[in-house]
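Residue numbering for the sequence shown follows numbering that gives the first Met the number 0, starting at 0 and increasing by one per position.
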Amino acid sequence: MEITILTYGLYERHGDPICKSFRSPGYRVVQSVNGDNLLDIMRKTRPRLIVLGMPEPEGEEGLDQVRRIRAVNRDLPIVIISRESNEARATAAFRAGVDDYFKEPYRPEQLLNRLKDLLNIGCGAAAPPQYKTLPPGAELPLMIGESAVMQATRDYLRRAAATESTVLITGETGTGKELAAKMIHCHSGRAGRPMIAVNCAALPESLAESELFGYERGAFTGAQETHHGKFAQAGRSTIFLDEIGDMTLYIQAKILHAIEEKVIYPLGCKRPQPLDVRVVAATNRDLEQLVEEHYFRSDLYYRLNIARVHLPPLRERRGDIPALVRHGIEELNRRLKRRIKGVSSDVMEFLERYTWPGNVRELLNLLESTFINVPGDEIAYEDLPLRFRQQVARRQYYPESEERRVILTALMQTNWNKSRAARKLNWSRMTLYRKMARLKITETKPSQSFQHHDPL
Numbered sequence: 000m001e002i003t004i005l006t007y008g009l010y011e012r013h014g015d016p017i018c019k020s021f022r023s024p025g026y027r028v029v030q031s032v033n034g035d036n037l038l039d040i041m042r043k044t045r046p047r048l049i050v051l052g053m054p055e056p057e058g059e060e061g062l063d064q065v066r067r068i069r070a071v072n073r074d075l076p077i078v079i080i081s082r083e084s085n086e087a088r089a090t091a092a093f094r095a096g097v098d099d100y101f102k103e104p105y106r107p108e109q110l111l112n113r114l115k116d117l118l119n120i121g122c123g124a125a126a127p128p129q130y131k132t133l134p135p136g137a138e139l140p141l142m143i144g145e146s147a148v149m150q151a152t153r154d155y156l157r158r159a160a161a162t163e164s165t166v167l168i169t170g171e172t173g174t175g176k177e178l179a180a181k182m183i184h185c186h187s188g189r190a191g192r193p194m195i196a197v198n199c200a201a202l203p204e205s206l207a208e209s210e211l212f213g214y215e216r217g218a219f220t221g222a223q224e225t226h227h228g229k230f231a232q233a234g235r236s237t238i239f240l241d242e243i244g245d246m247t248l249y250i251q252a253k254i255l256h257a258i259e260e261k262v263i264y265p266l267g268c269k270r271p272q273p274l275d276v277r278v279v280a281a282t283n284r285d286l287e288q289l290v291e292e293h294y295f296r297s298d299l300y301y302r303l304n305i306a307r308v309h310l311p312p313l314r315e316r317r318g319d320i321p322a323l324v325r326h327g328i329e330e331l332n333r334r335l336k337r338r339i340k341g342v343s344s345d346v347m348e349f350l351e352r353y354t355w356p357g358n359v360r361e362l363l364n365l366l367e368s369t370f371i372n373v374p375g376d377e378i379a380y381e382d383l384p385l386r387f388r389q390q391v392a393r394r395q396y397y398p399e400s401e402e403r404r405v406i407l408t409a410l411m412q413t414n415w416n417k418s419r420a421a422r423k424l425n426w427s428r429m430t431l432y433r434k435m436a437r438l439k440i441t442e443t444k445p446s447q448s449f450q451h452h453d454p455l
């Protein structure tokens, strides 16, 4: 079956190298000179790849063509070659849907290698890439939650995974940024190789360059053998740069060069080494502010900020908490060989009201801590870790039944003096009155069955 490559806007200066490279039997290069009928030619020739030129410095014709192609075909690989470029234009190109972007001057062999990679040459003309499926025993990562924001987030992650664009994941600590990166990797064409994760905040400045890019034997004292850095280890796979906002400007420049030029220079190596990785970065910091304050390179920011996803904090999707609790308990039961059925209604009510500053990670860690001392098959409020309950008491977060008991205790200890009880609870008197009205607490002696308990 013949593989067709369709080009437009490249003219003779680009057409010849592509034609010469794919002159062998089984390939055909179709050069279009009329953008108006490009879609008609595409439908007739059914190309496996399209290469578009953007000759005009301010022209939008190339991006308009990308948008038209994407409207009828979301999966066809598209490569753009631009005579002049800047960060904003490159970002616009990737957001329009291109798979790669080259700026003149460029190395012809680099372009041709990328075209061959997009065509999956070596895997058979019609065969999918051999590394596209997950390794044996691997499971697709799950992002729990059916709220509208989580459904939209999952959909966007899958769309981003289908491209080769760099991805920037933002969100507070504990929202699941590494999980999102794994989801992108496992739904991409690079899923057959392990994703390489790097915690940028944990890399000492003196070791960052050698850890990321490697070094040759004898590059420095103690370098007794060659070391492959994280970028080399991620060859034909995905590298996840977590907490990218904590890297120094020097290392940021190195990362930018690696992404743009698709080469790395290990320490002590004088020749560039080709690089084929997909970059996913994440941060809990405000990169826009860091750029303004000159702590983060603007060109690297624009290069990363192509496909961007923000993970919402747990307090903004409280409806997902029951599903997260069920999933967490199921995982802990399997791992710890327990048979906990769930949490009491009081505990669930409390979990849904709590603000979760540590987000999903804090919730799952709380469940794991609770499993250590759970006496029965259901988690009650008293089973939650003491330190957590004390912290909750200081912040005045309680399930409704526990809040009622706390108020009654304060009222009993102050002989139902509302002002003193409010001070004891660190509330205003009006707050106490509102809560008493909501909980239907009236000034009567509690029943003898009420057991005195002072969590304050």
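Glycine residues also receive a C-beta, built at the ideal position from the N, C-alpha and C atoms.
Every value quoted in this text rests on a predicted model; they were computed, and no experiment measured them.
Checklist entry - Are there three or more Cβ pairs, one per stretch, closer than 8 Å when the stretch 161-179 is compared with the stretch 309-329? => result yes
Item to check | Residues near Lys115 by beta carbon distance below 7 Å, same chain, minus five either side | outcome: none
Checklist entry - Within this structure, are the beta carbons of Ile4 and Leu48 separated by less than 9 Å? => result yes
Next on the checklist: Output needed for Lys439: all residues of its chain with C-beta closer than 7 Å, excluding positions within five of it in sequence on either side, in chain order.
Outcome noted: none
Checklist entry - To the nearest angstrom, how far is it from the Cα of Gly213 to the Cα of Ile263? => result 9 Å
Next on the checklist: Taking 8 Å as the cut-off, does the stretch 286-294 touch the stretch 220-238 (at least 3 CB pairs, one atom from each stretch)?
Outcome noted: no
Next on the checklist: Below 8 Å, how does it come out for the stretch 292-302 and the stretch 140-155: are there three or more Cβ pairs, yes or no?
Outcome noted: no
Item to check | Start and end residues, alpha helix (DSSP H) containing Gly327 | outcome: Ile320 to Leu335
Item to check | Range covered by the alpha helix (DSSP H) that runs through Met53 | outcome: Counting along the chain, Met53 falls outside any alpha helix (DSSP H), though it belongs to the beta strand (DSSP E) covering Leu48 to Met53.
Checklist entry - What separation, rounded to the nearest whole angstrom, lies between the Cα atoms of Leu365 and Arg45? => result 55 Å
Checklist entry - Using DSSP with H/G/I as helix, E/B as strand and the rest coil, what is Pro273? => result strand
Next on the checklist: Rounded to the nearest angstrom, what separates Pro128 and Gly188 at their Cα positions?
Outcome noted: With a pLDDT of only 35 at Pro128, under 50, the local geometry of the prediction cannot be trusted, and no value is derived from it.
Checklist entry - Which residues in the same chain have their Cβ closer than 7 Å to the Cβ of Arg317, if we skip the five residues on either side of it in sequence? => result Glu351
Checklist entry - For the beta strand (DSSP E) that contains Ala147, what are its first and last residues? => result Segment Ala147 to Ala160 is the alpha helix (DSSP H) holding Ala147; no beta strand (DSSP E) there.
Checklist entry - What is the C-beta distance between Asn304 and Thr90, in whole angstroms, given that I count them as a contact (C-beta under 8 Å)? => result 7 Å
Checklist entry - So which of Leu141, Pro140 and Gly52 has the shortest CA-CA distance to Tyr100? => result Gly52
Next on the checklist: On the DSSP bridge list, what partners appear for Gln30?
Outcome noted: Thr6
Item to check | Glu103 versus Arg73: straight-line alpha-carbon distance, rounded | outcome: 26 Å
Checklist entry - According to the neighbour-count rule (16 or more other Cβ atoms, all chains shown, within 10 Å of its Cβ), is Phe93 buried or exposed? => result buried
Next on the checklist: Between which residues of its own chain and Tyr130 is the CB-CB distance below 6 Å, once the five residues before and five after are set aside?
Outcome noted: With a pLDDT of 38 at Tyr130, under the threshold of 50, the modelled position of that residue is not reliable, and the figure given next carries that caveat. Excluding positions up to five away in sequence, the list reads Gly191 and Arg192.
Next on the checklist: For Gly170 and Glu381, I'd like the C-alpha separation in whole angstroms.
Outcome noted: 32 Å
Checklist entry - Beta carbon of Ile378, beta carbon of Val405: below 9 Å? => result no
Checklist entry - Out of curiosity, what's the CA-to-CA distance linking Asp39 and Val29? => result 13 Å
Next on the checklist: Threshold first: 4 residues or longer. Then list the alpha helix (DSSP H) segments lying entirely within the stretch 194-237, N to C.
Outcome noted: 204-212 and 229-232
Next on the checklist: Just to confirm the assignment, what range does the alpha helix (DSSP H) spanning Ser368 have?
Outcome noted: Asn358 to Phe370
Checklist entry - Which two residues bound the contiguous alpha helix (DSSP H) that contains Asp39? => result Leu37 to Thr44
Next on the checklist: Could you compute how far the alpha carbon of Leu431 sits from the alpha carbon of Leu335?
Outcome noted: 42 Å
Checklist entry - Which residue's Cα is closest to the Cα of Arg513: Met41, Val97, Lys43 and Arg88? => result With the chain represented from 0 up to 455, any question about residue 513 goes unanswered, as that position is not in the structure.
Checklist entry - Which whole-angstrom value describes the C-beta separation of Asn332 and Arg325, a residue pair presumed to lie in contact below a C-beta threshold of 8 Å? => result In fact, because the Cβ distance is near 11 Å, the residues do not count as touching under 8 Å.
Checklist entry - Using DSSP with H/G/I as helix, E/B as strand and the rest coil, what is Phe349? => result helix
Item to check | Euclidean distance between Cα positions of Phe21 and Gly267 | outcome: 36 Å
Item to check | Beta-carbon gap between Leu9 and Ile80 smaller than 9 Å | outcome: yes
Checklist entry - How about Lys253 and Glu208: are their beta carbons less than 9 Å apart? => result yes
Item to check | Contact check, Phe230 vs Leu206, beta carbons under 9 Å | outcome: no
Checklist entry - Opposite Arg307 in the DSSP bridges: which residues? => result Leu167
Item to check | Euclidean distance between Cα positions of Leu202 and His227 | outcome: 16 Å
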